[in-house]
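Q:
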Amino acid sequence: MKKEFVCIVCPRGCPLSIDLDTLEVTGNTCPRGAIYAKNEVTNPTRTITSSVRVNNREHQLVSVKTTNAVPKGKIMEVMEEINKVSVSAPTHIGDVVIHNILGLDGVDIVITKNIE
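Following the numbering used here, the numbering of the sequence shown begins with 1 at its first residue and continues without gaps.
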């Protein structure tokens with residue numbers, strides 16, 4: 001059986017096909033496409049971007065993201081945890097808001113915007 005999808009690693013958007021039995025990938029124009037396809041069928045992950053409230057700034061949010069990709073099945077749980085927190089200004093790019101979210105080793109939620 002085969003699965004087909006479009007690679008999202010680069011702007012090229014190669015049409016990929018992967019044999020689910022052998023994990024043989026076709027359609028990729030670079031090695032990154034083959035790695036992406038194999039990961040997508042064996043352990044799909046995503047980097048999450050969101051925002052959190054800034055306590056001492058009325059109607060202001062600050063952008064955050066995960067430092068590493070999280071398993072696709074945990075996205076909603078991660079978002080629930082992100083929605084529970086808020087920060088106080090000043091914030092700086094790279095400040096950790098949540099360390100090892102959901103116990104995922106090496107996956108922190110970090111600030112991606114400076115607010116003075």
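Beta carbons: idealized from backbone N, C-alpha and C, even for Gly.
Everything numeric in this text was worked out from a predicted model, so none of it was measured.
Exposed or buried, N28, counting other C-beta atoms within 10 Å across all chains shown (16 or more means buried)?
A: Buried.
Q: With respect to the beta strand (DSSP E) encompassing R12, which residues constitute its N-terminal and C-terminal limits?
A: First-last for R12: undefined, no H or E at that position.
Q: Fully enclosed by the region 28–59, which beta strand (DSSP E) runs are 3 residues long or longer?
A: Those beta strand (DSSP E) runs which fall completely within the region 28–59 and span 3+ residues are 49–54.
Q: Using DSSP's beta-bridge definition, name the partner residues of L61.
A: Answer by DSSP bridge pairing, in chain order: R53.
Q: Please confirm whether K113 has its beta-carbon closer than 8 Å to some beta-carbon of chain D.
A: The structure shown contains no chain D; it is built from a single protein chain.
Q: Write down the C-beta distance between I93 and K113 rounded to the nearest angstrom, noting that I regard them as a contact closer than 8 Å.
A: I93 to K113, Cβ: 7 Å. Contact.
Q: Closer than 8 Å by C-beta to S86: which residues in its own chain qualify, once you throw out the five before and the five after it? Chain order, please.
A: Cβ neighbours of S86 beyond the five flanking positions: V52, R53, V54 and N55.
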